[in-house]
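Colleague: Residue numbers (the UniProt record's numbering): 1 to 192.
Take a look at the following structure, please.
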């Protein structure tokens, strides 16, 4: 859904009959700040209750970029810089996204971590390092909740390049990693 469709969520009472009771309750309870938050890009499944809102008065022009706190329909929150692309506000610049127990913080480009950032996952695992279009890339450190860790190169979200994997017994596996597997000079071993 477009940002314009979501901004139409502030409904006039005479249009109430065209929405389900749940959708109307959600739409009618939006404050201005919440309506602005809904214009951030979200997967269609998270916008479904607001996307079908009928049109209302024309909206005012959106800012090209800025900084703010956005709360989404699913309860996730983003605090940081944004830019407007094709009429939709997207995470762009430095910011923090919190989705339940998980957080992603760092440099964003077009709604994806890109550059240096860090993530804390619900499993207790953490990652700190490079990202390319939302995927681990470049140099980074991943720590599993069980105590294992990997420090080194990443490519397409997998251990790749020179690195050191330390298993739960504190045994270090140093050397070349390829597409997520360790290469000992003779064969590849999948460590995780």
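We treat Cβ as the ideally placed atom computed from N, Cα and C, and that holds for glycine.
Quick one: measure Cβ to Cβ for residue 106 and residue 118, integer angstroms, because I've assumed they're closer than 8 Å.
Modeller: The Cβ separation is near 6 Å, so the contact holds.
Colleague: Please report the residue range of the beta strand (DSSP E) in which residue 76 lies.
Modeller: Element bounds for residue 76: n/a, residue is neither H nor E.
Colleague: Bridge partners for residue 131 per DSSP, in chain order?
Modeller: In the DSSP output, where bridge partners are listed per residue, residue 131 has 115, 136.
Colleague: Could you tell me the alpha carbon to alpha carbon distance between residue 79 and residue 101, rounded to whole angstroms?
Modeller: Approximately 16 Å, taken between the alpha carbons.
Colleague: What number of angstroms, rounded off, separates the C-alpha of residue 178 from the C-alpha of residue 159?
Modeller: C-alpha separation (whole angstroms): 7 Å.
Colleague: Using the DSSP secondary-structure output, state which residues sit across from residue 163 in a beta bridge.
Modeller: For residue 163, which the question treats as bridged, DSSP gives the partners 152, 175.
Colleague: Would you tell me roughly how many angstroms separate the C-alpha atoms of residue 71 and residue 87, rounded to the nearest one?
Modeller: So the two alpha carbons sit approximately 18 Å from each other.
Colleague: Excluding five sequence neighbours on each side, which residues of the same chain lie with their C-beta closer than 8 Å to the C-beta of residue 116?
Modeller: Closer than 8 Å at the Cβ level, and outside the excluded window around residue 116, lie 106, 107, 129, 130, 131.
Colleague: List the residues that DSSP assigns as beta-bridge partners of residue 69.
Modeller: 79.
Colleague: What residues in its chain sit with their C-beta under 6 Å from that of residue 165, if we drop five residues either side in the sequence?
Modeller: 150, 173, 191, listed in sequence order.
Colleague: Using a threshold of 9 Å, state whether the C-beta atoms of residue 104 and residue 82 are closer than that.
Modeller: No, Cβ-Cβ distance for residue 104 and residue 82 is not below 9 Å.
Colleague: Identify, in the order they occur along the chain, each residue of the same chain with its Cβ nearer than 6 Å to the Cβ of residue 176, setting aside the five sequence neighbours on each side.
Modeller: Counting only Cβ-Cβ distances below 6 Å, and skipping sequence neighbours, we find 183.
Colleague: Nearest by alpha-carbon distance to residue 168: which of 188, 156, 143 is it?
Modeller: Considering only alpha carbons, the answer is 143.
Colleague: Excluding sequence positions up to five away, which residues of its chain have a Cβ less than 7 Å from the Cβ of residue 112?
Modeller: These residues qualify, in order along the chain: 133, 134.
Colleague: In whole angstroms, what is the alpha-carbon distance linking residue 90 and residue 120?
Modeller: In a straight line, the C-alpha of residue 90 is about 21 Å away from that of residue 120.
Colleague: I think residue 138 touches residue 152, with their Cβ atoms under 8 Å apart; what is that distance to the nearest whole Å?
Modeller: That pair is no contact at about 10 Å.
Colleague: Just reading off the beta strand (DSSP E) that residue 181 is part of, what are its end residues?
Modeller: Counting along the chain, the beta strand (DSSP E) containing residue 181 begins and ends at 181 to 183.
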